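Just so we're aligned, residue 271 is where the sequence shown starts under the numbering used here, counting upward by one. Note sheet for the following structure.
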Amino acid sequence: MRRLPPALVLFFLAPVIGELLSGSAPPVEFFNPFALIILPALYGSGALLVRELTLRWKKRWPTILVLGLAYGIVEEGLMVKSFFDPHWMDLGLLGVYGRLGGINWVWSISLMLYHATVSIAIPILLVELIYPERRDEPWLGRRGRIGFSLLLAVDVAFGYLALTTYRPPFLPYVFAMAVTLTLGWLGRRMPHHFQWEAPTQVWGSFWDLLGSPDSSCVAGHFQSGAFPLG
Numbered sequence: 271m272r273r274l275p276p277a278l279v280l281f282f283l284a285p286v287i288g289e290l291l292s293g294s295a296p297p298v299e300f301f302n303p304f305a306l307i308i309l310p311a312l313y314g315s316g317a318l319l320v321r322e323l324t325l326r327w328k329k330r331w332p333t334i335l336v337l338g339l340a341y342g343i344v345e346e347g348l349m350v351k352s353f354f355d356p357h358w359m360d361l362g363l364l365g366v367y368g369r370l371g372g373i374n375w376v377w378s379i380s381l382m383l384y385h386a387t388v389s390i391a392i393p394i395l396l397v398e399l400i401y402p403e404r405r406d407e408p409w410l411g412r413r414g415r416i417g418f419s420l421l422l423a424v425d426v427a428f429g430y431l432a433l434t435t436y437r438p439p440f441l442p443y444v445f446a447m448a449v450t451l452t453l454g455w456l457g458r459r460m461p462h463h464f465q466w467e468a469p470t471q472v473w474g475s476f477w478d479l480l481g482s483p484d485s486s487c488v489a490g491h492f493q494s495g496a497f498p499l500g
């Protein structure tokens, strides 16, 4: 696999993880010639564009996850329209429960989180682990980015027109488009890494306590307020 271009590996690995390994598309359905065209054009193009935009903006995983949320809207909302269709095949009770203003909210939020992690972030992570020496370099040139953008746009348009006959209400659909653009804007402004600072006072007192054999030290720490109670 390491002899193949990483962009090609990501292009085909994303639909394998997002559809085949997840069970969303069983092997009989996934290895259908039609699906082998539609799914990589959707998942693969999305994962590649998310990664390339992230690198161009000099960002990392926070941006990948936010753009992954936007991808979830593109696929499930703008293309197959499951965010809006109350009779979508996989909805079940979620076509009624959690539905408001023409949007299946519970289904929509769960699918956005699913695609951000399983369909986008995990394939990118795995391919970068396969090619650690190419982790911080672009895998597509300008023509490649344009080409995959057009491929994704054509795939989404085809899915909207041909995969289902359902047509969503105008305002919820425009709202989904606006949220997608907003997430793209937010992704560009995300920090490079997530920051988390441990409460050093409490942890420092805890380790001091463990390192002290004197039992009176315990009372001293509690009396000094190092371990606040309540």
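Note that CB positions come from ideal geometry on N, CA and C, so glycine has one too. This one's a predicted model, so the numbers in the text were calculated from it and none came from an experiment.
{"Asked": "Where does Ile406 land, buried or exposed, given buried means 16+ other C-beta within 10 angstroms?", "Found": "What sits at residue 406 in the sequence shown is Asp, not Ile. Exposed, since its Cβ has fewer than 16 Cβ neighbours within 10 Å."}
{"Asked": "Are Val376 and Gly365 closer than 8 Å when you measure CB to CB?", "Found": "no"}
{"Asked": "Whole angstroms are fine: how far does the CA of Pro297 sit from the CA of Val286?", "Found": "10 Å"}
{"Asked": "In terms of residues, what are the limits of the alpha helix (DSSP H) holding Glu322?", "Found": "315-326"}
{"Asked": "For the segment 295-383, list the beta strand (DSSP E) runs that are entirely contained and at least 3 residues long, ordered along the chain.", "Found": "none"}
{"Asked": "Taking the beta carbon of Gly338 as the centre, do at least 16 other beta carbons fall within 10 Å, making it buried, or is it exposed?", "Found": "buried"}
{"Asked": "Quick check: what's the CA-CA separation for Ala387 versus Leu335?", "Found": "As written in the sequence, residue 387 is Thr, which differs from the Ala given in the question. Near 7 Å, if we compare the C-alpha coordinates of Leu335 and Thr387."}
{"Asked": "Can you name the start and end residues of the alpha helix (DSSP H) that Ser419 belongs to?", "Found": "412-428"}
{"Asked": "Start and end of the alpha helix (DSSP H) containing Pro442?", "Found": "440-458"}
{"Asked": "Could you check the C-alpha separation between Tyr384 and Gly414 for me, to the nearest Å?", "Found": "26 Å"}
{"Asked": "In angstroms, rounded to a whole number, what distance separates the CA positions of Met382 and Pro393?", "Found": "16 Å"}
{"Asked": "Using the C-alpha atoms, what's the distance from Phe464 back to Ala496?", "Found": "Legend: pLDDT at Ala496 = 46, less than 50; position of this residue unreliable, no value from coordinates given."}
{"Asked": "If you run the structure through DSSP and keep just helix, strand and coil, what is Gly288?", "Found": "helix"}
{"Asked": "Report the residue from Ala295, Val397, Val449, Arg404 whose alpha carbon sits nearest the alpha carbon of Tyr341.", "Found": "Val449"}
{"Asked": "Does Phe282 come out as helix, strand or coil in the three-state DSSP assignment?", "Found": "helix"}
{"Asked": "From the DSSP output, in three-state form, read off Arg404 for me.", "Found": "helix"}
{"Asked": "Taking C-alpha atoms, which residue in Leu441, Gly362, Leu395, Tyr430 lies nearest to Val320?", "Found": "Leu395"}
{"Asked": "Quick one, which of Phe300, Met349, Leu274 has its alpha-carbon nearest Pro438's?", "Found": "Met349"}
{"Asked": "Which of helix, strand or coil does DSSP assign to Pro461?", "Found": "coil"}
{"Asked": "Less than 7 Å between C-beta atoms, sequence neighbours within five positions excluded: which residues of the same chain meet that for Leu283?", "Found": "Pro393, Leu396, Val397"}
{"Asked": "Assign Asn374 to one of two classes, buried (16 or more other C-beta atoms within 10 Å of its C-beta) or exposed (fewer than that).", "Found": "buried"}
{"Asked": "Quick one: what does DSSP say Ser396 is sitting in, helix, strand or coil?", "Found": "The amino acid occupying residue 396 in the given sequence is Leu; Ser does not appear at that position. Leu396 falls in the helix class under three-state DSSP."}
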